[in-house]
Amino acid sequence: MAPAAQALPMETGTVTEPAPAPVDPPAEEQPPVEATPTETIPTEVTPTEGAPTEEAPAAEAPAEEAPAAEAPAEEAPTEEAPAAPENIGLPAVEGDPVVGGSLSSTGGQWTGAGWIKYSWIIDGVPSQTAGHAIGEADILQILPAMAGKSIQLTVVASPDAQTPGTEVSALPVTVRPAAFTGVAWSNLVTGRPAVGQELSLSAPQWDNSASHGTLAYQWFRGAVAIPSATASRYTVTAADVGQKLWGKVTLSAPGFSSVELASAQVTGVIATFVTAPVPTVSGTARVGQLQTANAGTWAPSGAALSYQWYRGTAAITGAVGRTYTTTAADYGKALKVRVRATKAGFATVDRYSAARTIYAGTIVATRSLRVTGVHRYGQTLGIYQGWTSGVTIKYQWYRNGVAIRGGTGPALYLSSGYIGSRVNVKVTVSKAGYTTRSSTTAAVTVGKALITLKTAPRISGATSLGSTLTANVGTYSPAPAAYAYQWYRNGAAISGAIYRTYRLTAADNGRSMTVRVSARLAYYDIRVTMSAALKLPVWAVTVLRGDGIYRVGTQIKPGLYKSTGGSFCYWARLSGFSGNLDDINANDIVTGITYVQILPGDVGFESDGCGAWTTVPSTGARATQISKDGIYRVGIDILPGTYYGTSRGSSCYWTTLSGFSGSFDEIYDNYYGSARIIVTIPSWARGFEVSGCGTLTRG
467 MAPAAQALPM ETGTVTEPAP APVDPPAEEQ PPVEATPTET IPTEVTPTEG
517 APTEEAPAAE APAEEAPAAE APAEEAPTEE APAAPENIGL PAVEGDPVVG
567 GSLSSTGGQW TGAGWIKYSW IIDGVPSQTA GHAIGEADIL QILPAMAGKS
617 IQLTVVASPD AQTPGTEVSA LPVTVRPAAF TGVAWSNLVT GRPAVGQELS
667 LSAPQWDNSA SHGTLAYQWF RGAVAIPSAT ASRYTVTAAD VGQKLWGKVT
717 LSAPGFSSVE LASAQVTGVI ATFVTAPVPT VSGTARVGQL QTANAGTWAP
767 SGAALSYQWY RGTAAITGAV GRTYTTTAAD YGKALKVRVR ATKAGFATVD
817 RYSAARTIYA GTIVATRSLR VTGVHRYGQT LGIYQGWTSG VTIKYQWYRN
867 GVAIRGGTGP ALYLSSGYIG SRVNVKVTVS KAGYTTRSST TAAVTVGKAL
917 ITLKTAPRIS GATSLGSTLT ANVGTYSPAP AAYAYQWYRN GAAISGAIYR
967 TYRLTAADNG RSMTVRVSAR LAYYDIRVTM SAALKLPVWA VTVLRGDGIY
1017 RVGTQIKPGL YKSTGGSFCY WARLSGFSGN LDDINANDIV TGITYVQILP
1067 GDVGFESDGC GAWTTVPSTG ARATQISKDG IYRVGIDILP GTYYGTSRGS
1117 SCYWTTLSGF SGSFDEIYDN YYGSARIIVT IPSWARGFEV SGCGTLTRG
């Protein structure tokens, strides 16, 4: 069975007639049922879109497939769809198409229709769709968003809600925006149109203002909108001076026609300062002092302040800063300052301070006045000073309080006539417009010149007893005219030793010698210089000559002594003079040079065959070979170490000693035998005695 025909959209006001389709007459009053050809009819039939299905009668049996040899089966009878409704009168849209109103329609006039589907299409987009039984109206409420848009109604009429039908459309209508009503407004601009002042516009009133409608503001300068001036209030600026100012208020709401309201015009004028104080001047009212203008606080803020200083009624050229330093030209004059305030859109205002009389300036010393330089003969004195800039200075030098003729410069040369005098200078300082000032320095005493030492004096000559030492005076600048001398022994002046040369005596033995040289020149201080010390060696001094017995303390002092030597030398330290052996503290028989230590407890000393006895020098030969019999000091006369003997004798004797008093306790080690020996002399030993051993050589 063929499907039911669908209604196609047509031009507005036209009806599309579907082609008739054969239908089976229904047994009862219900929608037709579409049967599927060549198929077995099931118990339940699936409905085709747009056409309800009818349940097959239970009494009917499914059709059987004919066998191939038999004649073909007959087709099932086809049910015919109901006829499509026919439009006999286009739908009419009732109502005023304005925001807030409504449109309605009953769908037009039809035959064979029982159901109408309404579609309201706004600018081509379906907006509201509804279905009603034939004769019932559909209503569309016009919302603000629909203002200015095209609305067209399309209806589809069908026998019932499930059956496709015939579509027709009404003529389109355009929605008008709503209009505000009851608008009332005063167009006056409130406020003074001066720079910095605020202008304002009142808000209009209209019907239902609480439910809809908003206000927008825009201020204009002439015909040009002022950027960002979009509030009900506006502050006049400098750009508005002489311009026509007015405001526009726009009343708007969604779906409503906007209402624009223009205010009355006012002309912008310049403003005046609310506060314009009289300036004051601070600073000392003297020449050379800084004057400062105090402008005070101007209102409103933001004013640009400029300055001009006046001497009397005449403007001072270049004096246009907040500060001004008075000059000599201001002395005795009236000084004042003008403060000029300017600001865009404001009237310029001048204010003058009270005049002040300028008195003479004060010259200031920036340094402490004093005489400089070396105050000695041949030198030049100067002056250390500092004053206010631009001053004129006069000088007068004095000697012992009396003005020096011609001494009127900033420096003074000290000739020989100034030696011993007291010299100072008076300085007089002046400057136009300033009070003259005089100051006098402290006096200085002029001394003699100084001799400069270039090389120091020194002592030359041999250092043996009886030799002559010579003082080399050194070098000086300038060269001295004369010299004086004084010789010293261990830092003590030697009486009568006042010449350039000095002969050494026994008193100088082992002492340090120095000489003081005094260089002399007219008008110069004596230059006294001490030479470096010359350390003399200890000389051997003979204290005993010949054999005999001597009293210790008067004839010979306790100490270490050395004999000049002999082939046979006997000595003894005595505790008495009775001749008994008990009087002998210690004794020895030595061949050659020997040493003996006389102790403080000894009473006497006996010498026989020893020759002369002398004091012992602190230095010696420090020999490494021993070729003569005798006693030697280790480390002074001979060096410690290992010595080798190669002689053939058999009477070789040696001993190491810890002292020279002759006590057996001082013998550390000894030997007697062949002269072919090896002996080690330790460094800690004080003495070494040898006899009959020939020559010993240090290895």
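Under my numbering, the first residue of the sequence shown carries the number 467, and numbering increases by one thereafter.
Think of the CB as a built atom: it goes at the ideal place given N, C-alpha and C, for glycine as much as any other residue.
Query: Same chain only: Cβ atoms within 6 Å of I1097, ignoring 5 sequence neighbours per side; Result: T1060, Y1061, G1153 and E1155
Query: Three-state secondary structure assigned by DSSP to A1130; Result: Strictly speaking, residue 1130 in this sequence is Phe, with Ala absent from that position. F1130 falls in the helix class under three-state DSSP.
Query: As assigned by DSSP and simplified to three states, the class of S882; Result: helix
Query: G886 classed as buried or exposed, judged by whether at least 16 other C-beta atoms fall within 10 angstroms; Result: exposed
Query: Under 7 Å between C-beta atoms of A751 and R822; Result: yes
Query: Endpoints, the beta strand (DSSP E) within which C1076 is located; Result: Unbroken run through C1076: none, as it is neither H nor E.
Query: Under 7 Å between C-beta atoms of F686 and W651; Result: no
Query: Classification of S729 by the beta-carbon crowding that lies within 10 angstroms, buried from 16 upward; Result: buried
Query: Span of the beta strand (DSSP E), counted from its first residue to its last, around N956; Result: It is not in any beta strand (DSSP E) - N956 carries neither H nor E in the DSSP assignment.
Query: Short Cβ contact (7 Å threshold) for A909 with R888; Result: yes
Query: Counted within 10 angstroms of its Cβ, other Cβ atoms place S1127 as buried (16 or more) or exposed; Result: buried
Query: Beta-carbon contacts of R806 that lie in its chain and below 6 Å, excluding the five residues immediately before and after; Result: S772 and D816
Query: Sequence-distant residues of its chain with Cβ nearer than 6 Å to D673 (five each side left out); Result: T647 and G648
Query: Alpha-carbon spacing of V830 relative to T854, whole angstroms; Result: 5 Å
Query: First through last residue of the beta strand (DSSP E) which encompasses K860; Result: T858 to R865
Query: Opening and closing residue of the beta strand (DSSP E) in which H598 lies; Result: V591 to A599
Query: Closest by C-alpha distance to G1014, when choosing among G580, R642 and R1039; Result: R1039
Query: Nearest residue (CA-CA) to L931, options Y949, P944 and R977; Result: R977
Query: I1144 versus G1086 - alpha carbon distance; Result: 24 Å
Query: Within 7 Å, strictly: CB atoms of T1121 and I1133; Result: yes
Query: A550: first and last residue of the uninterrupted beta strand (DSSP E) it sits in; Result: Where A550 is concerned, there is no enclosing beta strand (DSSP E), given that its DSSP letter is neither H nor E.
Query: Nearest candidate by alpha-carbon position, reference W764, set T808, T1030 and Y1036; Result: T808
Query: Beta-carbon separation (whole angstroms), L681 vs A691, contact threshold 8 Å; Result: Not confirmed; about 16 Å, so no contact.
Query: Straight-line Cα distance separating V565 from N553; Result: 31 Å
Query: Distance between T783 and R658 (C-alpha atoms, nearest Å); Result: 41 Å
Query: DSSP-derived helix/strand/coil call for D816; Result: strand
Query: Beta bridge counterpart(s) of C1118 as assigned by DSSP; Result: G1139
Query: Element boundaries [beta strand (DSSP E), containing W685]; Result: T680 to R687
Query: Cβ neighbour criterion (16 or more within 10 Å) applied to S635; Result: buried
Query: With 16 other Cβ atoms within 10 Å as the buried cut-off, status of L606; Result: buried
Query: Rounded C-alpha distance that separates A759 from Y864; Result: 48 Å
Query: Contact check, G721 vs A599, beta carbons under 7 Å; Result: no
Query: Element boundaries [beta strand (DSSP E), containing D604]; Result: D604 to Q607
Query: Touch test, the stretch 949-959 against the stretch 1027-1039, Cβ-Cβ under 8 Å, three pairs minimum; Result: no
Query: Straight-line gap, Y700 to A785 (C-alpha atoms, nearest Å); Result: 41 Å
Query: Closest residue to A695 among V707, D1135 and V715 (Cα-Cα distance); Result: V715
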